[in-house]
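S.K.: Let me give you the structure first, and then I'll get to my questions.
Numbering (UniProt numbering), first residue to last: 1 to 201.
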């Protein structure tokens, strides 16, 4: 019985330790040592949302009903406009803000002709919630971080996973889901940048 409790404790401790951090799966950062720029691409094709693992379509359908019921149609139209804008422009901008503040020797950009591309493939997104004076819950992001050769994307040089990276209350749009998710992208960038800084001297 003692051994069983010990094994359970170790399993829980290991699981807790693995979350909110960058986990290495294969490869290392040696390929970056002579690089000054890395291209970045975001993917959302396989992302699921919230604890119930909604598809994006299901998540948006629920939000539309909720926002129209509590606010009105105009608020929903602005919300969905911002949602798409954040997916195409803002999330990657916040990621750059995070990673480029840590990784000084290498600049991460989008749509640049760099030797390597980092693909950030979102797998699970928890949007958190905002309660004003009551309090808030930050968003969390799980994503696969895959470095590939830009001219030959099937050639993977490194794989990592950002596991349930928790954002922080640090931007003007935090009261909305997309603002909280943006903060999780920023922290993902900071954590990855810290790992690169340690490895690439």
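Ideal Cβ positions, reconstructed from N, Cα and C, are used throughout, including at glycine.
(1) What does DSSP give as the partner residue(s) for residue 32 in the beta ladder?
(2) Below 7 angstroms CB to CB, which residues in the same chain sit around residue 25 once its five sequence neighbours on both sides are set aside?
(3) In the DSSP assignment, what residue or residues form a beta bridge with residue 63?
(4) With a threshold of 8 angstroms, are at least 3 pairs of Cβ atoms found where one atom belongs to the stretch 128 to 146 and the other to the stretch 172 to 179?
(5) Can you tell me whether residue 154 is buried or exposed? The criterion is at least 16 other CB atoms within 10 Å of its CB, across all chains shown.
(6) Can the beta-carbon of residue 121 be found closer than 8 angstroms to that of residue 43?
(7) Below 8 angstroms on the Cβ atoms is my guess for residue 99 versus residue 41; work out the distance and round it to an integer in Å.
(8) Per DSSP, what kind of secondary structure is residue 75 in: helix, strand or coil?
(9) Can you tell me the Cβ-Cβ gap for residue 38 and residue 114, rounded? I've got them flagged as a contact below 8 angstroms.
(10) Pick helix, strand or coil for residue 100, following the three-state DSSP scheme.
(11) Here's the rule: buried if 16 or more other CB atoms are within 10 angstroms of the residue's CB, otherwise exposed. What is residue 125?
(12) Please name the residue or residues paired with residue 54 in a DSSP beta bridge.
(13) At the level of alpha carbons, what is the spacing between residue 34 and residue 53?
(14) Is it a yes or a no for the stretch 141 to 151 touching the stretch 61 to 79, going by three-plus beta-carbon pairs under 8 angstroms?
M.R.: Taking the geometry as given:
(1) Per DSSP, none; premise fails for residue 32.
(2) 159, 160, 161
(3) Bridge partners of residue 63: none, in fact.
(4) yes
(5) exposed
(6) yes
(7) About 14 angstroms; that fails the 8 angstroms criterion.
(8) helix
(9) Contact holds; Cβ gap of about 5 angstroms.
(10) helix
(11) buried
(12) 49
(13) 40 angstroms
(14) no
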